[in-house]
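Asks:
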Amino acid sequence: GAVVSQHPSWVICKSGTSVKIECRSLDFQATTMFWYRQFPKQSLMLMATSNEGSKATYEQGVEKDKFLINHASLTLSTLTVTSAHPEDSSFYICSARVEKPGQDYEKLFFGSGTQLSVL
Amino acid sequence: LAKTTQPISMDSYEGQEVNITCSHNNIATNDYITWYQQFPSQGPRFIIQGYKTKVTNEVASLFIPADRKSSTLSLPRVSLSDTAVYYCLVGPNRDDKIIFGKGTRLHILP
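Protein sequences appear in the order of chains A and B. Read in order, the letters of the first sequence correspond to residues 1 to 119 in the numbering used here. Read in order, the letters of the second sequence correspond to residues 1001 to 1110 in the numbering used here.
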């Protein structure tokens, strides 16, 4: 199936610093990518929908100035956690949907996730 | 937005067949049913997708009745490595969101 690459796998940072997470679709183009966060033993919670060439759509309760999303190309979306605090510590996961008709059409593929720990 | 309901958790033993059922009463005509598997500290992994009747691949089978208001993921002869959380998703969603339900935490015992 299609591959979504997410980096870094884990990051530890000091409170007040910013952290950027990259999500790349390696063998397909993705107009839309999704960003989730997940707390231990809980389900994935959709944070925002990233749209190539336009502003992201944030879910209710997600601060857009806190979680900056940039989707500058059809294969790359980035999530920047600005001025991170300990409560931002979580597992962040990106995903992309195959939009071209074919074997994987409309299937979601996920990155391996980023564990963020803010000290 | 089609909401899904699954059992919170299930236990089974190695070598058994495991069936996990998902309810999706308000599934739309153009919605597919997709199942994902997630191990701890990893992103979800696609398992199987179907629209109606039965779909089988090298990993699992998916049974969908004629009314499509539910679906059953069948894992044949499970092993310890099948311990994971399994999510049932219905879509594409009209407003383009992909929302996860709580999933089913499957625990395989030796």
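No residue lacks a Cβ here, since even glycine has one placed at the ideal position from N, Cα and C.
Leaving out five residues on either side along the sequence, give the residues of the same chain with a beta carbon under 7 Å from the beta carbon of B/Thr1083.
Replies: Within the same chain, B/Thr1083 has close Cβ partners Leu1106, His1107 and Ile1108.
Asks: Mind checking the stretch 28-56 of chain A against chain B and listing, in chain order, the residues whose C-beta falls within less than 7 Å of any C-beta there?
Replies: Those residues of the stretch 28-56 of chain A that come within reach of chain B (Cβ to Cβ, closer than 7 Å) are Thr32, Phe34, Ser43, Leu44, Leu46 and Thr49.
Asks: Residues of the stretch 66-88 of chain A in Cβ contact with chain B at a cutoff of 9 Å, in chain order, please.
Replies: If the cut-off is 9 Å between Cβ atoms, the stretch 66-88 of chain A has nothing near chain B.
Asks: Determine the burial state of A/Asp65: buried for a count of at least 16 other Cβ atoms within 10 Å of its Cβ, exposed for fewer.
Replies: Per the 10 Å Cβ criterion, exposed.
Asks: Helix, strand or coil for A/Tyr105, going by three-state DSSP, please let me know.
Replies: Reduced to three states, the DSSP call for A/Tyr105 is coil.
Asks: Cβ atoms of A/Ser50 and A/Thr32: under 8 Å apart, would you say?
Replies: Yes. Within cutoff.
Asks: Which residue marks the beginning of the beta strand (DSSP E) containing B/Tyr1013, and which one marks its end?
Replies: Taken as a continuous stretch (DSSP letters only), the beta strand (DSSP E) holding B/Tyr1013 covers Ser1009 to Tyr1013.
Asks: Which whole-angstrom value describes the C-beta separation of A/Ser117 and A/Ile21, a residue pair presumed to lie in contact below a C-beta threshold of 8 Å?
Replies: Between A/Ile21 and A/Ser117 the Cβ distance is about 13 Å, and since that is not below 8 Å, they are no contact.
Asks: Spatial neighbours of A/Arg24 within its chain, please: CB distance less than 6 Å, with the 5 preceding and 5 following residues excluded, ordered by chain position.
Replies: Cβ within range, chain order: Ser5, Thr75 and Leu76.
Asks: Classify A/Glu22 as helix, strand or coil using the three-state DSSP reduction.
Replies: Three-state result, A/Glu22: strand.
Asks: With 16 other CB atoms within 10 Å as the buried threshold, where does A/Trp10 fall?
Replies: Exposed, because fewer than 16 other Cβ atoms sit within 10 Å of the Cβ of A/Trp10.
Asks: Could you work out which residues of chain A lie near B/Phe1039, taking near to mean beta carbons separated by less than 9 Å?
Replies: Residues of chain A passing the Cβ test: none, with the nearest at roughly 10 Å.
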